[in-house]
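Numbering (the working numbering), first residue to last: 517 to 773.
All C-beta atoms, glycine included, are put in the ideal place defined by N, C-alpha and C.
See below for the structure under consideration.
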């Protein structure tokens, strides 16, 4: 009703918008079974994670096994390591130049995938699921030879893959600090983040609702309050304009009038 006063707009800048659309299309060509064609969206509820959580190794292992199932990774070939922060690698910096302990790492061994988790991240099981999903997405991309580690958007694409498999809520809700980046989107003056930002998650999740024909999806209630504005803005933009290169199948052959 007030579109003329508050026209719909994308929550992220143009280079990030175009990248999300391009990589969602790429993911749809790589994987057959995903949240954009009807796969269940994983929620932070006991229905999806029924085991009691007490920060023990066994409890963390249960979370990892469950997350493996949702990411289509065989858990018997995934080895879990939990390390003190002093043992973890600190190769990231926040926006203030301070070193950060990595929440998790991925390594491909001869027979096993090794997922390492920082002990400091065990206090929040649902944030931990987001970390695990990210590391398992590395397995689906790097471990299966779909991309090379040197890809400029390796970490960004890994984040987006969690959305694609239906675990984007956990990443969008995480309190991961902004990681310092001096890189720019090619041919622009816009900073290219190392990992997806809240507006990028909002726009990617908005595509998920748009594809599923959901005007006000029940699963969006599980987004934290600070994650909802970007999602709502992105969904309104897509529903009102349809301006995305990654469109639902029923819209792909429609001509704009």
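The ligand GTP and residue i: does the residue's C-beta get closer than 8 Å to at least one heavy atom of that ligand?
i, result
"residue 617", "Summarising the ligand content, the structure contains no ligands, and the ligand GTP is consequently not present."
Taking the C-alpha atoms as reference points, what is the distance between residue i and residue j?
i, j, result
"residue 756", "residue 719", "14 Å"
"residue 652", "residue 669", "16 Å"
"residue 632", "residue 657", "17 Å"
"residue 602", "residue 639", "17 Å"
"residue 621", "residue 522", "43 Å"
"residue 594", "residue 533", "34 Å"
"residue 654", "residue 731", "32 Å"
"residue 672", "residue 574", "30 Å"
"residue 686", "residue 641", "10 Å"
"residue 739", "residue 568", "22 Å"
"residue 772", "residue 591", "With a pLDDT of 48 at residue 772, under the threshold of 50, the modelled position of that residue is not reliable, and the figure given next carries that caveat. So the alpha carbons of these two residues sit roughly 46 Å apart."
"residue 556", "residue 744", "20 Å"
Can you name, in chain order, every residue of its own chain whose Cβ lies under 6 Å from the Cβ of residue i, other than the five neighbours on each side?
i, result
"residue 623", "630"
"residue 680", "543, 550"
"residue 722", "747, 750, 751, 754"
"residue 775", "Since the first residue shown for the chain is 517 and the last is 773, residue 775 is missing from the structure and cannot be characterised."
"residue 733", "725"
With respect to the alpha helix (DSSP H) encompassing residue i, which residues constitute its N-terminal and C-terminal limits?
i, result
"residue 652", "641-654"
"residue 536", "530-546"
"residue 743", "That residue, residue 743, is in no alpha helix (DSSP H); it is neither H nor E in DSSP."
"residue 579", "573-586"
"residue 672", "670-680"
"residue 723", "714-727"
Let me know if residue i comes out buried or exposed under the rule of 16 or more other beta-carbons within 10 Å of its beta-carbon.
i, result
"residue 692", "buried"
"residue 747", "buried"
"residue 526", "buried"
"residue 712", "buried"
"residue 587", "buried"
"residue 565", "buried"
"residue 742", "exposed"
"residue 580", "buried"
"residue 702", "exposed"
"residue 729", "exposed"
"residue 644", "buried"
"residue 717", "buried"
If I measure Cβ to Cβ from residue i and keep anything under 7 Å in the same chain, skipping five residues before and after, which residues do I get?
i, result
"residue 758", "767"
Looking at the structure shown, is residue i part of a helix, part of a strand, or coil, going by DSSP?
i, result
"residue 526", "coil"
"residue 633", "strand"
"residue 703", "coil"
"residue 734", "helix"
"residue 667", "coil"
"residue 773", "With a pLDDT of only 43 at residue 773, under 50, the local geometry of the prediction cannot be trusted, and the value read off the model is given with reservation. In this structure, residue 773 counts as coil in the three-state DSSP scheme."
"residue 767", "helix"
"residue 591", "helix"
"residue 561", "coil"
Going by DSSP, what residue range makes up the beta strand (DSSP E) through residue i?
i, result
"residue 685", "Careful: residue 685 lies outside any beta strand (DSSP E), inside the alpha helix (DSSP H) at 684-689."
"residue 624", "620-624"
"residue 774", "Residue 774 lies beyond the residue range present for the chain, which begins at 517 and ends at 773; the question has no answer from this structure."
For a cutoff of 9 Å on Cβ pairs, would you count residue i as touching chain D?
i, result
"residue 687", "The structure shown has no chain D; it contains just one protein chain."
Apart from the five residues on each side of it in sequence, which residues of its chain come closer than 8 Å, Cβ to Cβ, to residue i?
i, result
"residue 540", "552, 676, 680, 720, 723, 762"
"residue 571", "638, 639"
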